[in-house]
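When you line the sequence shown up against full-length UniProt numbering, it's residues 1 to 268, in that order.
Ideal Cβ positions, reconstructed from N, Cα and C, are used throughout, including at glycine.
Report on one structure; see the data block that follows.
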Amino acid sequence: MARPPITFTDTELRGILAAAADADAHAPASMHNAAFLDRFIAGVARATGRLYGQPVYVRLLDTAGIRRRPSAPTWSAAIARARSSPLPSRQLLVASAPAPDVHEGAAPDSLTAFERAPASARPAGDERDDGEMTALKVRAQVAEATLRDAYLKVGQLEAARADALQRVATAEAAARAAERRLQEVIAEREAMAGALSVRIDALAAAEVRLSGLERHLKLQTDQLRVELSAQAHDYKARLDAAEKALQRERSQTEALRRVLGDRGSVVE
Numbered sequence: 001m002a003r004p005p006i007t008f009t010d011t012e013l014r015g016i017l018a019a020a021a022d023a024d025a026h027a028p029a030s031m032h033n034a035a036f037l038d039r040f041i042a043g044v045a046r047a048t049g050r051l052y053g054q055p056v057y058v059r060l061l062d063t064a065g066i067r068r069r070p071s072a073p074t075w076s077a078a079i080a081r082a083r084s085s086p087l088p089s090r091q092l093l094v095a096s097a098p099a100p101d102v103h104e105g106a107a108p109d110s111l112t113a114f115e116r117a118p119a120s121a122r123p124a125g126d127e128r129d130d131g132e133m134t135a136l137k138v139r140a141q142v143a144e145a146t147l148r149d150a151y152l153k154v155g156q157l158e159a160a161r162a163d164a165l166q167r168v169a170t171a172e173a174a175a176r177a178a179e180r181r182l183q184e185v186i187a188e189r190e191a192m193a194g195a196l197s198v199r200i201d202a203l204a205a206a207e208v209r210l211s212g213l214e215r216h217l218k219l220q221t222d223q224l225r226v227e228l229s230a231q232a233h234d235y236k237a238r239l240d241a242a243e244k245a246l247q248r249e250r251s252q253t254e255a256l257r258r259v260l261g262d263r264g265s266v267v268e
């Protein structure tokens, strides 16, 4: 009977990859591998809720692109520490049966008996083929998760693009409306400017006519002033002549009165 394959959800895979990167960053190769394994195994347990054997962890590290190779005793000690220490934030899903002694290749009861068997008890090539298949499955799951994330991001980008296109269309419509209104305002201003220009031309023509009329009236006024001045001189001369004639008449009348007076005296 074939053992069930070990699979991981997208969330678990992301947690596993993050745990591997975090462990490698916080416990670089220059440090002891024990700290690296403790952090990595704890991170995988928090992501999946399970403990696994060394082969699974090695395949997960290969999938994460980490090439560190701790020794088998280091692996065994790290797995033993993980099994003896409860991990926070998630319950471990391990079998209730007593766990076998941990050694290289050992795995928790959640794995099949085939995977828990020592490498010497397996047929030649089985471990390699099984490791390759598991690694391929994990990589396929990682690729599928990455592809789903990519499709999700593409969908988000398409939604953002559609929203941006909608905003652009709205902005273009607003710009076209503003342009139409601007053209209307320009046409109104041009019409007002044309009417104002006509009125200015009419006022200029009226000004020219008024200027001509003013010159004509000035000429007529000057001519009338000259004529009135001549008439005044004529009237003054005639008045002087009349006064002189009146004075002569008065003188003659006075002389005649004296003559007549003298004659009356003689008659008496």
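Less than 8 angstroms divides the Cβ of N33 from the Cβ of R68. In the assembly as shown, T63 is a buried residue. Its beta-carbon has 16 or more other beta-carbons within 10 Å. Exclusion of the five residues before and after V142 leaves L13, L17, T63 as the residues of its chain whose Cβ lies within less than 8 angstroms of its Cβ.
Ranking D38, P55, P70, A47 by CA distance to the CA of R81 puts D38 first. About 4 angstroms separates the beta carbon of A27 from that of A35, a gap short enough to meet the 8 angstroms contact definition.
If you keep only unbroken beta strand (DSSP E) runs of at least 3 residues inside the segment 223-260, you get nothing at all. By the CB criterion at 8 angstroms, V44 and A19 fall inside the cutoff. Between L51 and I79, the C-beta gap is smaller than 8 angstroms, which places the two residues in contact. T11 is classed as exposed because its beta carbon has fewer than 16 other beta carbons within 10 Å across all chains shown. Taking all protein chains in view, the Cβ of D149 is surrounded by fewer than 16 other Cβ atoms within 10 Å, so the residue is classified as exposed.
Look at Y52 here: in three-state DSSP terms it is coil, with no helix or strand label.
One thing to note: G15 has its Cβ no nearer than 8 angstroms to the Cβ of A42. Rounded to the nearest whole angstrom, the CA to CA distance from L213 to A178 is 51 angstroms. Counting of Cβ neighbours within 10 angstroms places V185 among the exposed residues, the total staying below 16. Residue state for P5 is assigned as coil, using DSSP reduced to three classes. A195 has its alpha-carbon roughly 57 angstroms from the corresponding atom of D234. Assigned with DSSP and collapsed to three states, I66 falls in coil, not helix or strand.
A23 is positioned such that its CB atom lies closer than 8 angstroms to that of F40.
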